[in-house]
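Chemist: Before anything else, here's the structure in question.
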Amino acid sequence: MDAQLKRGFLDVCVLASINQQDSYGYQIVKDVPESLHLTESTLYPLLKRLEAAGYLTVYAVEHNGRLRKYYRITPEGAAYLNTFLDEWDDVMNVYDYVKRGANR
């Protein structure tokens, strides 16, 4: 998959994974579709970028004697996710066009 396309999908997949319930890094890696090949080394810079953009917040909870960072989607993050979903019909139109052209 193209790196730019993958990056866009990773952003919304991470937001979608924490949209229903706050989560932590390892769980997010497990929740995101395997086809995106998300690793923890890719995830944490992405989480920092999403936090800097105001799309999520971070808080810590003690777990087995250690602090675990949890991520929560913000209203801005939910709006970003909804915008992606609203634009999905446009993405599918492009996909259908390319597919028709490739099957000539």
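The opening residue of the sequence shown carries number 1 in full-length UniProt numbering; numbering runs sequentially from there.
From the three backbone atoms N, C-alpha and C, an ideal C-beta is built for every residue, glycine too.
Taking the straight line between their C-alpha atoms, what separation do you get for GLY65 and VAL58?
Modeler: 19 Å
Chemist: Below 8 Å on the Cβ atoms is my guess for ASP22 versus ARG68; work out the distance and round it to an integer in Å.
Modeler: Wrong, their Cβ atoms sit about 11 Å apart, outside the cutoff.
Chemist: Count the other CB atoms within 10 Å of the CB of GLY77; is the residue buried (16 or more) or exposed (fewer)?
Modeler: By the neighbour-count rule (16 or more Cβ atoms within 10 Å), GLY77 is buried.
Chemist: Taking the alpha carbon of TYR26 as the reference point, which residue from VAL14, GLY8 and ASP86 has its own alpha carbon closest?
Modeler: VAL14
Chemist: Look up ALA52 in the DSSP assignment and say whether it is helix, strand or coil.
Modeler: helix
Chemist: If you compare alpha carbons, which of GLY101, PHE9, LEU46 and VAL61 is closest to GLU34?
Modeler: PHE9
Chemist: Please report whether the beta-carbon of TYR26 lies at a distance below 8 Å from any beta-carbon of chain D.
Modeler: Within the model displayed, chain D is absent; a lone protein chain is all it includes.
Chemist: What runs of the alpha helix (DSSP H), each 4 residues or longer, lie entirely inside the UniProt domain "Transcription regulator PadR N-terminal" (14-82)?
Modeler: 25-31 and 40-52
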